[in-house]
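Chemist: In this text, residue positions in the first sequence follow UniProt numbering: the first is 1, and each later residue adds one.
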Amino acid sequence: MGRAPCCDKANVKRGPWSPEEDQQLREFIEKHGTGGNWISLPQKAGLRRCGKSCRLRWLNYLRPNIKLGDFNEDEDRIICSLVAAIGSRWSIIAAHLPRRTDNDIKNYWNTKLKKKLLGLQQTPNMKPQQQMLPSTYYYSAVSAPAPAAAAAAVADLVEGIPIAPCFWSSFTALNHQNGGGDVIFGGAQYGGGSGEASWGPYSSGAKATVCASSSRSWSLYHC
DNA sequence: AAGCCTGGCAACCGCACGATG
DNA sequence: ACATCGTGCGGTTGCCAGGCT
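Set out below in structure tokens:
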């Protein structure tokens with residue numbers, strides 16, 4: 001037996017929220033708070049909506065200090081760094097971007113930023129050393145299937161690269177398959193493992209050195 | 001002008017997890 | 001220990017506006 005639905009779908013309104021509904025929800029929460037119970041909130045607020053829908057609407061659009069609209073370059077950089085580091089953990093990424101919501105970031109990534117990065121992606125056999133890596137977006141990736149090949153490929157790709165000074169998230173290495181292994185960038189060591197983040201700040205003139213051992217599949221990003 | 005296509009975004013769905021009894 | 005409930009999260013869907021033919 002599956003779990004009971006959170007609301008009676010036949011009797012709740014779905015689809016876009018009207019300004020009147022927004023106002024009703026906003027006024028209720030500003031006056032009474034959520035009461036720690038979203039399921040019963042719509043009834044108390046006189047809304048014919050599912051509690052989850054109310055929660056989503058409030059968190060993503062109605063709560064105070066939400067920042068909507070275009071993302072700036074700093075935000076882009078943070079997003080691409082964190083996606084490279086931890087994957088699509090939108091709630092965590094949103095925690096690094098004050099006033100942005102996870103849904104907003106997710107949509108932005110899926111519709112714009114991902115394409116932007118892919119458009120900048122270099123050819124696989126071009127070494128970063130052959131390019132300049134300033135503070136703007138740069139994306140480079142290499143993947144290798146076997147441990148030895150991965151280690152060699154990683155080392156070959158980034159060994160000796162001058163690391164441009166940047167506030168954080170300079171280099172990120174991902175071990176996609178939890179294969180372990182360590183990567184050393186700029187003298188700082190970070191453990192391998194899926195979702196392992198490694199970020200700066202890095203000082204000007206530092207060189208990347210790599211020691212990848214038992215990894216299976218690595219991707220390298222420099223944002 | 002009309003129809004089609006595409007991209008962007010708001011909203012929904014279902015699952016996982018923690019809290020509680 | 002187990003069942004139930006509410007919440008949080010990420011993936012996906014569907015609508016709509018704008019561009020293109």
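For glycine and all other residues, C-beta sits at the position ideal for the given N, C-alpha and C.
(1) Can you tell me which of 89, 111 and 113 puts its alpha carbon nearest to the alpha carbon of residue 102?
(2) Should residue 78 and residue 92 be called a contact, given that it needs their Cβ atoms to be closer than 9 Å?
(3) Return helix, strand or coil for residue 72, following the three-state DSSP convention.
(4) What first and last residue would you give for the alpha helix (DSSP H) that runs through residue 91?
(5) From residue 134 to residue 104, what distance separates their C-alpha atoms?
(6) Quick check: the Cα distance between residue 75 and residue 82, rounded to an integer number of angstroms?
(7) Pick helix, strand or coil for residue 14, following the three-state DSSP scheme.
(8) With distances taken between CB atoms, is the gap from residue 60 to residue 51 smaller than 9 Å?
(9) Measuring alpha carbon to alpha carbon, tell me which residue in 43, 17, 30 and 31 is nearest residue 7.
(10) Which same chain residues, not among the five before or five after residue 65, have their C-beta less than 7 Å away from its C-beta?
(11) Return helix, strand or coil for residue 226, following the three-state DSSP convention.
(12) Output the boundary residues of the alpha helix (DSSP H) element that contains residue 26.
(13) Alpha carbon to alpha carbon, how far is residue 62 from residue 14?
(14) CB-CB under 6 Å to residue 26, same chain, minus the five flanking residues each way: which ones, in chain order?
(15) With H, G and I counted as helix, E and B as strand and the rest as coil, what does DSSP make of residue 65?
(16) Between which two residues does the alpha helix (DSSP H) containing residue 107 stretch?
(17) Only counting the same chain, and skipping five residues up and downstream in sequence, which positions put a Cβ closer than 7 Å to that of residue 47?
(18) Report the CB separation of residue 109 from residue 57 in whole angstroms; it is logged as a contact under 8 Å.
(19) Leaving aside the five residues before and after residue 29 along the sequence, list all residues of the same chain whose C-beta is less than 7 Å from its C-beta, in chain order.
(20) Alpha carbons only, please: which of 19, 34 and 80 is nearest the one belonging to residue 112?
Modeler: Looking at the coordinates:
(1) The shortest CA-to-CA distance from residue 102 to any of 89, 111 and 113 is the one to 89.
(2) Their beta carbons are not under 9 Å apart, which means residue 78 does not touch residue 92 by this criterion.
(3) coil
(4) 90-95
(5) The predicted position of residue 134 is uncertain, since its pLDDT is 30 and thus under 50; no value can be drawn from it.
(6) 11 Å
(7) When secondary structure is reduced to three states using DSSP, residue 14 falls in the coil class, being assigned neither helix nor strand.
(8) No Cβ-Cβ contact shorter than 9 Å links residue 60 with residue 51.
(9) 43
(10) 99
(11) One cannot answer for residue 226 here, as it falls past the ends of the chain, which runs 1 to 223.
(12) 19-32
(13) Our two residues, residue 62 and residue 14, have alpha carbons roughly 17 Å apart in a direct line.
(14) Excluding sequence neighbours, residue 26 sits near 62.
(15) coil
(16) 102-108
(17) 21, 24, 25 and 54
(18) Rounded to the nearest angstrom, the Cβ distance from residue 109 to residue 57 is 21 Å, too far for a contact under 8 Å.
(19) 58
(20) Nearest C-alpha to residue 112: 80.
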